[in-house]
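Have a look at the structure below, then the notes.
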Amino acid sequence: MAQALGWIKTDPSRPFFLTVWTQDTHHPYLAAEHHDYGVHDAHLNRYLNAVRATDRIVGELSEALQTMGLADRTLLVITADHGEAFGEHGQLIHGGTVYDEEVRVPLMIVNPPLFPHEVTVKRIVRQIDIAPTLLRWLGFNSPAEWQGADALAASPPTRAYIFAGTGNFLSDWSKANTNTSTIFNVTARNSTTWRRILAKPGIWLPAERTRP
1 MAQALGWIKT DPSRPFFLTV WTQDTHHPYL AAEHHDYGVH DAHLNRYLNA VRATDRIVGE
61 LSEALQTMGL ADRTLLVITA DHGEAFGEHG QLIHGGTVYD EEVRVPLMIV NPPLFPHEVT
121 VKRIVRQIDI APTLLRWLGF NSPAEWQGAD ALAASPPTRA YIFAGTGNFL SDWSKANTNT
181 STIFNVTARN STTWRRILAK PGIWLPAERT RP
C-alpha cells in the first residue's frame with residue numbers, strides 16, 4: 001500500500017486509475033495477523049485473518065484519500081474475482097463449483113458526493129457490469145461492444161452466466177425463470193449436448209440440452 005500511496009502523492013492533481021490487488025485472501029492465506037476466531041478449521045481461521053488484514057488495507061487507502069482531499073472526486077471500488085470454499089459442498093479453495101461460497105463476492109462503490117447514503121442493489125450484478133457502471137457515473141458512454149450494463153440502471157440485466165474455471169460447470173441464472181439457475185456440466189466440451197443439473201435441496205437431477 002505504501003508504494004500505491006506514494007505513486008498517488010507524486011501528483012495528486014492529475015486524474016488517475018489505480019488497481020491494488022491483494023493476495024492475502026488467496027490460499028494459503030498468509031496474513032500477519034493471528035486472531036483466533038474460534039473455528040475448527042485452521043485454514044478458515046487463517047482466511048478470516050487474511051480478510052481482516054485486507055479490510056485494514058482498504059481502510060488505509062480510504063483514509064489516505066480523505067487526508068489528501070481526494071475522496072470526494074475518487075470512485076473507490078472494492079470487489080473480488082471469486083469467493084472461497086471451505087467444505088460447504090465438499091470443495092476447498094475455489095474454481096471447482098458455482099455454489100454461492102465461490103461466486104458471491106463483495107462489491108462496494110464509495111464516493112461521498114455521489115452516494116451520501118447507502119444504496120443496496122438487491123438484484124444480481126455481474127463483474128462485467130462494473131466498468132459500465134463506473135463510466136456512467138463518470139459521464140461517459142460504454143463502448144457498444146461491451147456486454148456489461150449499468151448496475152444501477154432502471155432496467156437491469158435479466159440473465160447472468162457463472163462458470164467454474166476448473167470444475168467444468170456453467171450456471172445460467174435467469175430472472176425470467178423465477179430467479180432460479182440451471183447448472184450445466186460441460187466436461188464433454190466437444191459434445192453437441194451439455195449435461196444439465198437442476199440444483200434442488202439434496203437432489204441432483206440430470207437432463208440433456210443441445211449446446212447453442
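For the sequence shown, my numbering begins at 1 and goes up steadily by one.
We put the beta carbon where it would ideally sit given N, CA and C, even for glycine.
Predicted model, so just to flag it, every value in this text is computed and none were measured.
Who pairs with Met108 in a beta bridge, going by DSSP?
-> Counting from one through the sequence shown, the residue named residue 108 turns up at place 108. Beta-bridge pairing links Met108 to Ile78.
Throw me the rounded Cβ distance for the Leu61 and Val105 pair, which I believe falls under 8 Å.
-> Taking the first residue of the sequence shown as 1, we reach residue 61 at position 61. Taking the first residue of the sequence shown as 1, we reach residue 105 at position 105. That pair is no contact at about 18 Å.
Going by CA-CA distance only, name the one from Pro113, Glu101, Ala160, Asp41 that's closest to Gly69.
-> Here residue 69 corresponds to residue number 69 of the sequence shown, with the count starting at 1. Among Pro113, Glu101, Ala160, Asp41, the Cα nearest to that of Gly69 is on Pro113.
Would you mind sorting Thr97 into buried or exposed? The rule is 16 or more other CB atoms within 10 Å of its CB.
-> Taking the sequence shown and counting its residues from 1, one reaches residue 97 at position 97. By the 10 Å Cβ count, Thr97 comes out buried.
For Asp36, I'd like the list of residues in its chain whose CB is within less than 8 Å of its CB, leaving aside the five on either flank, ordered along the chain.
-> In the sequence shown, the residue the question calls residue 36 occupies position 36. Excluding sequence neighbours, Asp36 sits near Asn45.
Whole-angstrom distance between Gly38 and Gly90, CA atom to CA atom | Along the sequence shown, read from residue 1 onward, the residue named residue 90 stands at position 90. Along the sequence shown, read from residue 1 onward, the residue named residue 38 stands at position 38. About 21 Å.
Pairwise C-alpha distance: Val51 and Leu138 | Position 138 of the sequence shown, counted from the first residue, corresponds to residue 138. Position 51 of the sequence shown, counted from the first residue, corresponds to residue 51. C-alpha separation (whole angstroms): 30 Å.
Shortest alpha-carbon distance to Asn157 belongs to which of Thr133, Ile130, Val125?
-> The residue labelled residue 157 in the question sits at position 157 within the sequence shown. It is worth fixing the name first, because residue 157 is Pro in this sequence and not Asn. The shortest C-alpha separation from Pro157 is found at Val125.
Would you identify the three-state DSSP class for Ala149, choosing helix, strand or coil?
-> What you label residue 149 is simply residue 149 of the sequence shown in a count that begins at 1. Coil, per DSSP.
If you run the structure through DSSP and keep just helix, strand and coil, what is Ala144?
-> Counted from its first residue, the sequence shown places residue 144 at position 144. Coil at Ala144, not helix or strand.
If you run the structure through DSSP and keep just helix, strand and coil, what is Leu70?
-> Translated into the one-based positions of the sequence shown, residue 70 becomes position 70. Leu70: coil per DSSP, three-state reduction.
Exposed or buried, which one is His94 when buried takes at least 16 other CB atoms within 10 Å?
-> Taking the sequence shown and counting its residues from 1, the one referred to as residue 94 is at position 94. Label assigned to His94: buried.
Please name the residue, chosen from Arg136, Trp146, Glu33, Asp24, that lies closest to Ile128 on a Cα-to-Cα basis.
-> In the sequence shown, counting from the first residue as 1, residue 128 sits at position 128. Nearest option by C-alpha distance: Trp146.
How many whole angstroms separate the CB atoms of Met108 and Ile78, which I take to be in contact at a CB cut-off of 8 Å?
-> Here residue 108 refers to the residue found at position 108 of the sequence shown. Here residue 78 refers to the residue found at position 78 of the sequence shown. Correct: roughly 4 Å between the Cβ atoms.
Any idea what DSSP makes of Ala160, helix, strand or coil?
-> Start at 1 with the first residue of the sequence shown, and residue 160 comes out as number 160. In the structure shown, Ala160 sits in a strand (DSSP, three-state: E or B).
Along the chain, where does the alpha helix (DSSP H) that runs through Leu114 open and close?
-> Translated into positions along the sequence shown, residue 114 becomes position 114. Careful: Leu114 lies outside any alpha helix (DSSP H) and carries neither H nor E.
Rounded Cβ spacing between Asp150 and Arg136 (contact assumed at less than 8 Å) | Here residue 150 is taken as the residue at index 150 of the sequence shown, counted from 1. Here residue 136 is taken as the residue at index 136 of the sequence shown, counted from 1. With 8 Å as the limit, Asp150 and Arg136 qualify as a contact, their Cβ atoms being about 5 Å apart.
Whole-angstrom distance between Pro132 and Gly148, CA atom to CA atom = Looking up residue 148 in the sequence shown gives position 148. Looking up residue 132 in the sequence shown gives position 132. Going by the C-alpha atoms only, they are around 6 Å apart.
For Leu5, three-class secondary structure by DSSP = Here residue 5 refers to the residue found at position 5 when the sequence shown is read from its first residue. In the structure shown, Leu5 sits in a helix (DSSP, three-state: H, G or I).
How many Å lie between Leu92 and Ile57 at the Cα?
-> Within the sequence shown, residue 92 is the residue found at index 92, counting from 1. Within the sequence shown, residue 57 is the residue found at index 57, counting from 1. Roughly 25 Å between the two C-alpha positions.
Taking the CB atoms as reference points, tell me whether Asp41 and Phe86 lie closer together than 8 Å.
-> Within the sequence shown, the letter at position 41 stands for residue 41. Within the sequence shown, the letter at position 86 stands for residue 86. Going by C-beta atoms, Asp41 is nearer than 8 Å to Phe86.
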